[in-house]
Structure formats: structure tokens, C-alpha cells
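Step one of this worksheet: look at the structure below.
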Amino acid sequence: MKFIYYPGCTLKNKAKNFDIDARNCAKILGFELIEVDDFQCCGGVFTTSADEIATKLSAVRALKAAKKAGLPLVTVCSACHNVIKQTDHAMKNDPVFADRVNGYINDGDDYHGETKVYHYLEVLRDITGFDKVKEKVKYPLDMNVGAYYGCLMLRPGAVMETDDPENPQIMEQLIKTLGGRPVDYGMKNECCGGYVTVTDPGFAQKRSKAVYESAKKAGAEIIVTACPLCRYNLTKNGADIPVLYFTQLMAKALIGEKNER
Amino acid sequence: MQRIGVFICHCGSNIAATVDTSAVVNALSAEPGVVCAVDYPYMCSASGQDMIKEAIKEKELTGIVICSCSPRMHEATFRKAAAAAGLNPYMVEIANIREQCSWVHKDKQTATEKAIVLGRAAIAKVSLNTPLQPGEIPVTKRALVIGGGIAGIQTALDIADAGFEVDIVEKKPTIGGKMAQLDKTFPTLDCAACILTPKMVEASQNEKIRIYSYSKVEEVSGFVGNFTVKIRKKARFVDENKCTGCGLCTEKCPVKNVPNEFNLGMDSRHAVYIPFAQAVPKVAVIDADYCRMLKDGKCGLCSKICGAGAIKYDQEDEIIENKYGAIVAATGCEPIDLDKFDEFAYSKSKDVITSLQFERLMNAAGPTGGVLLRPSDNKHPKTIVFVQCVGSRCEAHAKKGKEYCSKICCMYTAKHAMLTREKYPDTDVYVFYIDVRTPGKNFDEFYRRVAEEYGVHYIKGMVGKICAENGTLKVQASDLLADKQLHIDADLVVLAAAIEPDRSTRPLATMLTASMDTNDFFTEAHPKLRPVESPTAGIFLSGCCQGPKDIPETVAQAGAAASKVIGLLCKDRLTANPCVAHCDEMSCNGCSTCENVCPYHAVTYIEKEFRMPDRTTKIRRVAQVNPAVCQGCGACTVACPSKAMDLYGFSGKQIYAEVDAICR
Chain A
1 MKFIYYPGCT LKNKAKNFDI DARNCAKILG FELIEVDDFQ CCGGVFTTSA
51 DEIATKLSAV RALKAAKKAG LPLVTVCSAC HNVIKQTDHA MKNDPVFADR
101 VNGYINDGDD YHGETKVYHY LEVLRDITGF DKVKEKVKYP LDMNVGAYYG
151 CLMLRPGAVM ETDDPENPQI MEQLIKTLGG RPVDYGMKNE CCGGYVTVTD
201 PGFAQKRSKA VYESAKKAGA EIIVTACPLC RYNLTKNGAD IPVLYFTQLM
251 AKALIGEKNE R
Chain B
1001 MQRIGVFICH CGSNIAATVD TSAVVNALSA EPGVVCAVDY PYMCSASGQD
1051 MIKEAIKEKE LTGIVICSCS PRMHEATFRK AAAAAGLNPY MVEIANIREQ
1101 CSWVHKDKQT ATEKAIVLGR AAIAKVSLNT PLQPGEIPVT KRALVIGGGI
1151 AGIQTALDIA DAGFEVDIVE KKPTIGGKMA QLDKTFPTLD CAACILTPKM
1201 VEASQNEKIR IYSYSKVEEV SGFVGNFTVK IRKKARFVDE NKCTGCGLCT
1251 EKCPVKNVPN EFNLGMDSRH AVYIPFAQAV PKVAVIDADY CRMLKDGKCG
1301 LCSKICGAGA IKYDQEDEII ENKYGAIVAA TGCEPIDLDK FDEFAYSKSK
1351 DVITSLQFER LMNAAGPTGG VLLRPSDNKH PKTIVFVQCV GSRCEAHAKK
1401 GKEYCSKICC MYTAKHAMLT REKYPDTDVY VFYIDVRTPG KNFDEFYRRV
1451 AEEYGVHYIK GMVGKICAEN GTLKVQASDL LADKQLHIDA DLVVLAAAIE
1501 PDRSTRPLAT MLTASMDTND FFTEAHPKLR PVESPTAGIF LSGCCQGPKD
1551 IPETVAQAGA AASKVIGLLC KDRLTANPCV AHCDEMSCNG CSTCENVCPY
1601 HAVTYIEKEF RMPDRTTKIR RVAQVNPAVC QGCGACTVAC PSKAMDLYGF
1651 SGKQIYAEVD AICR
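If you want it as C-alpha cells, here you go:
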């Protein structure tokens, strides 16, 4: 199975491990990731103003690249996934918005939501299958892992359709597959503070602290996430347990310890 | 040639303000066949009707057109007037120039033109009307009430009180419904059991009432006055006639760990059980899913202990077929599944409960004997958070919950808050609400007492998330009036879950050919003027199956439904609507299209012998309409590929004539 792969810019600098391990694990699991040529920043957040198209164009370009290749698009970063999935939804369901964007790009190939967009976790669950992942586990994890979703991967639930936004299970399933013990804690789908960390660091700190304290109380030895911003906020705001990307956790189980945090 | 009279109503200023009625008179006088056209301020008044009657006699009219309000309002009035003057009532046509013209237009000239066109169409139609004679159908003088909650019980009692026989079909082993599970009832706080159980006993002792408990309706056929219903009486493995309800078997049964549905799974019962102390009928029932004897053939303890010899392991389901003149749906409601509301941790924490569970926790016959203890550790909760509108008033795009208001939650939550503070004054009680809606009699006074005198913290805002941490429920919420985020450590959280129609309602509605709305509530024949009747003749609605209701409203509606049933049953014969479909057998090719589209099962097929032009005979399959079942909806006339189906009073020819007149 081949996918057009949109890593996003953070994965090219601050979160290189996230990207490298995603690729390494894909090789082991037998699917191919073809990086979008000359991809641009997704915009970081999906702006909800309907008449705002400029920051959504990069997402549309990535979607069109996948359409052209006739392959599904896969992302790993929660923020990229959120922007791309929401933009795709708007292109499919909001004809006025789609008209404006298509009119602006004007390359003779209008886009109306033809590309299927997956998050890497969804590929594992829905295409590869966790049972197949399990077969490839060489070094089963023997630890309590807190899955941390944050908000971008799940919400808005009606558009993202990744998992139940109130009680997601997809990362827990992965953790179990890798031999770890997922811990259930209340704050797993709460916001880390996000970009508020720039304008009101104190507030973001409060949010992040509530998340990792809740995970620790439930017995988590490490936290895994799919979002570079979540990881940044949690570690910067004093998380005293490791915060890893889920691909790093996979690499630990599939490849071994060479990729430490 | 018809002699047609046209009568144009002003309806005060309702029509006359927007439609130039004298212009309509002038225009319609010139129509072919019209021998008189007049206008009058109120055609429906006694003097207006007299005017019509006199004109019919004097001018020897053969058909009349009334240009007035909707036929739903006054068609019957004018038909009666025509009949009184000796004209066949089906020679009356109504042109609706009020709802469909004057009320929706502002410009007098366009409205007048439209009124003229509508009048012309009605004239064209009435020219082709033929006198119709309604047939008569007999009435079976017995009613069926489906559902044995307070709605069904009250309906049955009222019907029986008028002297008619009535059967109640209840799917559970006892009647009583949701009300039997409640503790106190708002706003007077009388105990639900104390006011309900006498009615249950009354129903069981009334010789006009038969109760089929642990039974369900399997099949419904027939039509108003003449329904045939198959009832499946499920095997309860106990002989109802022998069981004395002593309860000995329920004590000796070795299977003790069956979740007790009456207490919403908060305690357990035995495999043989009586649902609750005041159950009617007070007869034990064996739960086949758990009984060792029925599962493995090993045990038989209850049979040995039963002095009456009532246990019957070989009992089988029984199908009973009865005839009824009227059917009342009283299937009630239930709380929604909270699967999609994991933000409230309902599936994760035992201490997050629904309001119905809270009723059982407060009830002396409940799992805690009426002492408020939280389910996880049986400790007194010191802080209780009530969350209203869980699944009610949800936005459609959220794809969870219901868009409507469940209506009863504000009051029962106020009641819960009051009872808690009264019994346990050291408890902190919070109620989160979107709006507090208390428009019943003495309801708002009740709520204000709770909020003002009982020290309950009413907070406008919704709870966003609840997480269970080390035995505490961390409640995150917003206080919209103070514009603040709140964090409350609660011991118990009570969710006022939305109510929805019982899940048996949809298949039942299909059997009854009664229409439902998008929320699976039964639709009434008219939202204001016929609130207890289904659009399907002979089907009546009682209680929450028609929409969320509290007990006083349910009882009122139950009585109203009963009076409608009594009105039907006290007739020996019913006048059938003559505007029904009929089949032109010469054109019918027996294709079954009409049979498939007919929602009332009014079309059947017969093999009939026809004489052919060459004097041979041929047997052909042709459609036959049962005029007593046909509701005249016209679906078959549109679907019929060979135009063999036609409606009396709405024939294809008449419709074409109307269209021609409009397009002229």
C-alpha cells in the first residue's frame, strides 16, 4: 500500500524523531510513504473564518497532489491532520468556499474533496490492522503509558471522525498492541494550552500541568502524543516523565532502543 | 349541465382585507355553469349557512363552491348545510382563499387574481363531481391499550368506566411503567407508589379490563372499528392462575446475581422473581436467560418449594388473536443511551448515575432502602452535582442527543435537589442548567423554593467534563453568569438524561400504519386540534409516546384519548369516507403496484372471470379495494401504470379539469 505523506514543517526540524520513526516503522509494516513534493506549512491551525482562504491553500495543494497521484494522503502531526482534514471537509461540503479556492488556484483541476485523508494511527487501525502490527513487535514494552490526545486530533468530532472525542481509544489500542499497559486518566483529551503559551505562558502551564499530573496520578510512566505542540508544552511546563511521539514508542517496540527521546 | 352556486366569504377582514371579494364575485359569475355568485362577511355563520341553503333550494343548485378558509376548518360545516337543503354533501367544493391566498399575500391585486383562479379550479372540479353515498362499517366494542404505564392504565380505566371492555398489553411482567420506579412526584411530593398502585389494583380488579402482562403486539390488521390483533403472551414459566404471589420461590432460587432492572442494575434479583412488591399481576416470572433448570435442566428448586404447583418449566409462548374497535398507543418513553456522552464518565464511574437511578436510591423500596448512598462505596455523598439537559436540546450537527427539550427534567431535578437538602442538610448540591423551564401549575413556585429556600446552587452553564480520580469526581464546568470556569470535586453526579420514545415504538408504528416524527414520537392528527388521535383512523395516542410529558399531562391526555375511544365505541356503525379508490377492472393488468404502495393494506387481488369481445371467457387477476380500509390517500392512483385506479371525489379527470382551469 502506498500513501502520499505530508510530514509538515515541525517534523523537519524540532520533531525529526517523529518523522524518522514514522518512516522506519512504515517500512517494517510494509507500507510506503511518498513525501509530497515541495510541501508548504499547513498553517498550523485551521482558521474558522469561512472567508479566509489564504492559510488553507497549502492544505488544498497537498490534497491535490494526492488526488493527482491517485493515492490517499497520510499525516502524523495532529495539527497538520486537523488543518488538512477540516480543509478537505470544507472543500467537499461548502461549495462557496470550494469555488473561491478553486478560482484562486485556477490550474484547470478543481478539487472537491476527492482525496481520502488518514492519520497514521488510522492507517494502523483501519488498513494495516493492529493484529499485523503486533506480529512485528520484537521488544514488547513493559510499562504504563498514558496516551495523550490533546484536542486537534479529535475535534471537531463530526469532521475528524478519528475516534470518539470524549473517550478515544485508538492510542490505547496501539499501546496494548506494542505490549504496554495503557492507563486511563481524565485529562487525556484536554487541551495542553496550545498557542496560548505564547501570549499567556502562565495559563498554558496550568493546563499542561493538569494533564501530566493527571496521567502520573493514574500511574503513567511515560506519555505519548501525536502533536509536537502538546509535547513542547508538556515538557516545557515541567513534565517529569518522558513525553514521546507515538511513532517513537512504536520504534521502541518494533526496532529497539536506538531512538531514545 | 350543473347549476353551480359560488359563495365567497370575507372572513371578517381575514380575506376581504387582501382579496377584492366583489371582483371575485364578478369574475366567477361568468364561469360556465355558475348560476349565482355572492359574497358575505361570515359564510360559516348561521345566517351565511341559511343563505347557502336558500340558494340551493331557490336556484335548484346541483353543486356549490365555497371560497373561504381551509377545508380542514369548515368543509364539514358546509357539507352539513348542503345536506340540510337536500343537496348531496359531496357536491360541495372548497376553494381555500384564506390560508393559501389572503394570509400569504400582501398585494391585493395579485391576491384577488389568485382567489379568482382558485375559485375557477373549484368550479371546474365541482362540475365533474358526482353524488357519493358513504357506506357504513360495524364497530367492535372493545379497545386495546398498548402499554401499561400510567398513560395506559388511566386510558383503560376511563374506557372501562364508560362500560366498554378494554385490554392492556404490557411487555414487562407487571404494569406500572416508569411511574412505579419514581420516588416522589413534583410539585406536591406525594409518593408515586401511593398514588399509582391503587390505580394498578383498580385496573386488575375491573371486570371490564383484561391485562396481558409480559406480552407484546405481534401483528395488527384491519381498520377503524375492526382491528384484528395478534398478541404474543411470552412464557413466564409460571401458571398465572395458580401463583399466589407468596414469593417463596424468589427467596429459595439459588441464582442470585441477576442485575435487577427495576432498580436499574444497582442491585440484583433471583432468576425467578416478582419485579416489585406491588406488582400487578403479582405473579412470579422465571428469567429464562438465568434459570438453571431452563438452561441446563439442573435445579428445579422453585418447583419443589411452590405449594401451589404453579411452576411450569414447559410453558410456551401463546398467541392470542382478538378483535378491537380502537387501539390506543401508550408505549411511553425511556432515558436515552449515554454511550455518546463519555465526557460525563457515565460508563467509567459508578458514581455518575442517571436521574432515574437517583429516584431508586431515594426510594424506600430501592437498593439502599431509601438511604442516599453512592454506588461505588456506599458512603454518603457530601457534594452532589446535577447536570440538566444531558442529551436534550443538542445541536443537530453534533450528531448526538436530541434536539428537543425533554420537558420533565427541570422539575424532577429541582425535586431531587430539594429532597436531598431536606434529608441531608449537610450536602452541597449544585444544579447546572441551560435554562430552567418550569411552566406547569405550581411548578415555578416549587423551583423558586428550591433555589431560594433550600440553598441549592443553581448555576447557569454546562458541565464540560467529569473525570473520576481516586474516588472523587472532578467536575469542570462554566458559570456563564459569572463568566468563570468552575472546578468542583463531587462525590456523586446525577445526569438528567433526555427521554426518547420506547424502542418498541417504531416497529409498533409500522404495524399500526401510524405516522411518526423524526424523533420516533407518534404524530398527532393535528398538533392543536386533534392532539390525541393519530392520522390513522381508530388509532389514538396517550402519554409520552406522542411527546415528552409529566404525569399530570399524561393523565390528562390519557383521559382525552379514552374519551375519543368511547366516542368511537359507542357508535354501532361508522360512516365510511366515500372518497376512496376503486379499480377499473377492464384496465387493470394485475401488476400489484397499487398493492405495494398502499400504506393501509386496502388493496387485494382476486381472480375474476371476464367475458371477452369474442364471447370467450378469461380468468384475470385484478385489484380490489376494500372501501372500509382505504383512506383515500391516492397513492395507488398515481402509481398505477394503466390508470385503472381512481379516487371517488378526486378522480383524475377532476384534477386535470382543475389544472386546466388554473392554466387557462
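Top line first, the protein sequences correspond to chains A and B.
Number 261 marks the last residue of the first sequence (my numbering); no jumps.
Number 1664 marks the last residue of the second sequence (my numbering); no jumps.
Built from N, CA and C at the ideal position, the CB exists for glycine as well.
Here A/G186 is not near A/S208, since their CB atoms are 8 Å or more apart. At a cut-off of 8 Å between C-beta atoms, A/A158 counts as an interface residue with respect to chain B. Under the DSSP assignment, A/F203 falls in the alpha helix (DSSP H) whose first and last residues are 201-217.
Relative to B/I1662, the option among B/E1093, B/E1251, B/R1120, B/A1639 whose CA is nearest is B/R1120. Bounds of any beta strand (DSSP E) do not take in B/A1279, whose DSSP letter is neither H nor E.
By the criterion of a C-beta distance shorter than 6 Å, B/R1437 is surrounded in its chain by C1410, once the five residues flanking it on both sides are discounted. Buried is the label assigned to B/V1629, since at least 16 other Cβ atoms lie within 10 Å of its Cβ. Nearest C-alpha to B/N1014 among B/A1055, B/S1068, B/A1076: B/S1068. Only those residues of the segment 214-231 of chain A whose C-beta falls short of 9 Å from the nearest C-beta of chain B are listed: S214, K217, A218.
Separation of B/S1215 and B/G1309 (C-alpha to C-alpha, rounded to the nearest whole angstrom) is 23 Å. As DSSP reads the structure, B/Q1624 sits in a beta bridge with B/T1604.
Here B/D1491 is buried: its Cβ has 16 or more other Cβ atoms, across all protein chains shown, within 10 Å. Boundaries for A/L152: no beta strand (DSSP E) harbours it, and the DSSP string shows neither H nor E there. Rounded to whole angstroms, A/C191 and A/C151 show a C-alpha spacing of 6 Å. In chain order, V1166, N1206, K1208, I1209 place their CB closer than 6 Å to the CB of B/A1160, counting only its own chain and leaving out the 5 sequence neighbours on each side.
At a beta-carbon threshold of 7 Å, the residues of chain A lying near B/E1343 are E166, ordered along the chain. At a Cβ-Cβ threshold of 8 Å, B/A1082 and B/P1071 do not count as neighbours. Against chain A, the CB of B/K1399 has a partner CB under 8 Å away; the residue lies at that interface. Around the C-beta of B/E1316, fewer than 16 other C-beta atoms lie within 10 Å, and the residue is accordingly described as exposed.
Every unbroken stretch of the beta strand (DSSP E) spanning 3 or more residues and falling wholly within the segment 15-69 of chain A is given here in chain order: 32-35. Taking the beta carbon of B/C1467 as reference, the chain A residues within 8 Å of it are Y185, G186, M187, S214, listed in sequence order. For B/N1129, no beta strand (DSSP E) encloses it, and the DSSP letter there is neither H nor E. In this structure, the CA atom of B/D1050 is about 20 Å from the CA atom of B/S1029. B/K1216 has a beta carbon lying at 8 Å or more from every beta carbon in chain A. Secondary-structure assignment with DSSP links B/C1583 through a beta bridge to B/M1645.
The segment 1487-1501 of chain B and the segment 1389-1401 of chain B touch, with no fewer than 3 CB-CB distances between them shorter than 8 Å. Of all C-beta pairs linking the segment 1595-1609 of chain B to the segment 1179-1195 of chain B, fewer than three are shorter than 8 Å, placing the two stretches out of contact. Around the beta carbon of A/D131, fewer than 16 other beta carbons lie within 10 angstroms, which makes this residue exposed.
Apart from sequence neighbours up to five positions away, the residues of its chain that approach B/V1272 with a beta-carbon distance below 6 Å are C1249, T1250, C1253, A1284, I1286, C1302, ordered along the chain. Of all alpha-carbon atoms in B/G1222, B/Q1002, B/I1008, B/I1195, the one lying nearest the alpha-carbon of B/P1627 is that of B/G1222. B/D1584 is a Cβ neighbour of B/A1644, given a cutoff of 8 Å.
Straight-line spacing of the CA atoms in B/E1031 and B/I1123 works out to 8 Å.
Its Cα nearest to that of B/K1423, the residue B/V1371 stands out among B/L1061, B/G1461, B/V1371, B/V1126.
In this structure, A/I222 lies away from A/L234, with their beta-carbon atoms at least 8 Å apart. Put simply, the CB of B/K1402 is far from chain A, with every gap to its CB atoms at 8 Å or more. As the crow flies, the alpha-carbon of A/L249 is around 11 Å from that of A/V137.
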